[in-house]
Every structure is written in structure tokens, then in C-alpha cells.
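Every number in my numbering is 14 more than the matching position in the sequence shown, counting from 1. Ideal Cβ positions, reconstructed from N, Cα and C, are used throughout, including at glycine. Keep in mind that this is a model prediction, so the values were computed, not measured. To keep things clear, I will list the structure first and then write my remarks on it.
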Amino acid sequence: MSHTVRPGESLYLIAQMYHVDWRDIANANGIMSPYNIYPGQVLIIPGGGSPKGGTCHHHVVQKGESLHIIATYYGTTWQTLAAMNHIKNPDLINPGLLLKIPC
Numbered sequence: 015m016s017h018t019v020r021p022g023e024s025l026y027l028i029a030q031m032y033h034v035d036w037r038d039i040a041n042a043n044g045i046m047s048p049y050n051i052y053p054g055q056v057l058i059i060p061g062g063g064s065p066k067g068g069t070c071h072h073h074v075v076q077k078g079e080s081l082h083i084i085a086t087y088y089g090t091t092w093q094t095l096a097a098m099n100h101i102k103n104p105d106l107i108n109p110g111l112l113l114k115i116p117c
């Protein structure tokens with residue numbers, strides 16, 4: 015199984031998504047420093063784990079982003095993101111917020 019790194023993801027977060035240890039992902043991909051991954055990088059996920067039900071990705075909100083912008087990027091709706099992340103006011107999301115993104 016493989017995973018394409020998205021903005022804001024870390025090796026630790028990706029490992030949690032697939033129920034594997036981050037060190038196993040690092041070893042499978044020849045990564046010497048767990049902080050040296052980048053958006054667009056394709057990682058091999060050892061053990062063939064599968065993402066936790068319903069959540070395939072996570073996204074860290076950046077300055078200037080809105081739920082609509084993020085939803086469009088991931089091919090979903092802002093309403094779905096708001097519901098998945100228990101956001102009561104979709105106009106109030108702050109940079110640094112970690113959002114669950116549906117499969």
C-alpha cells in the first residue's frame with residue numbers, strides 16, 4: 015500500500031492513520047530523519063494497513079484557508095468537513111487546526 019503525503023502531514027500522523035509504527039514507514043522508505051517528508055512524496059506503507067474508517071487524510075489549516083477551499087482541494091463539501099470535525103461555525107477555523115478528511 016502507498017500513501018501520498020499531503021500538506022501538514024507528519025510521519026507520525028500517517029503511521030496513526032494506517033495503524034503502523036512511524037519507524038516502520040521510515041525504514042521502508044529509507045527515511046533517515048522523520049522530519050524530512052514533503053507534500054507529494056509517495057510513501058510505502060508496510061504491512062498493508064488500511065486507513066481508519068471514514069478518514070483517509072488529515073489536513074492542517076493554513077493561514078487564509080477556508081473550509082470551502084480545503085473541501086474543494088480534497089473533492090468534498092465544506093458541510094461534510096464541518097460535520098466530520100464537529101465544527102459549529104464554519105467561518106471560524108484557525109490556522110493550525112487539524113481536520114479529518116473523508117475517503
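Residue from the options with nearest C-alpha to residue i
i: Pro104; options: Thr90, Leu81 and Pro116; result: Leu81
i: Ala96; options: Tyr88, Gly110, Met15 and Lys114; result: Lys114
i: Pro53; options: Glu23, Tyr32, Leu112 and Ile84; result: Glu23
i: Leu111; options: Met31, Trp92, His72 and Val34; result: His72
i: Gly44; options: Tyr32, Leu57, Val34 and His33; result: Leu57
i: Gly78; options: Pro109, Tyr87 and Met98; result: Pro109
Same chain, Cβ closer than 6 angstroms to residue i, five either side skipped, listed in chain order
i: Thr90; result: Pro116
i: Val19; result: Ile51, Pro53 and Gln55
i: Tyr88; result: Ile115
Residues near residue i by beta carbon distance below 7 angstroms, same chain, minus five either side
i: Trp36; result: Leu25, Tyr26, Ala29 and Pro48
i: Ser16; result: Val56, Leu57, Ile58 and Ile59
Sub-9 angstroms separation of residue i and residue j beta-carbons
i: Val75; j: Ile107; result: yes
i: Ile59; j: Ala40; result: no
i: Thr70; j: Met98; result: This sequence places Cys at residue 70; Thr is not what is there. No, the pair does not count as a contact, with Cβ atoms beyond the cut-off.
Residues bridged to residue i [DSSP beta-bridge criterion]
i: Thr18; result: Val56
i: Ile115; result: His71
Beta-carbon contacts of residue i that lie in its chain and below 8 angstroms, excluding the five residues immediately before and after
i: Thr94; result: Ala85 and Pro116
i: Ile101; result: Leu81, Leu95 and Ile107
i: Pro21; result: Pro53, His73, Val74 and Gln76
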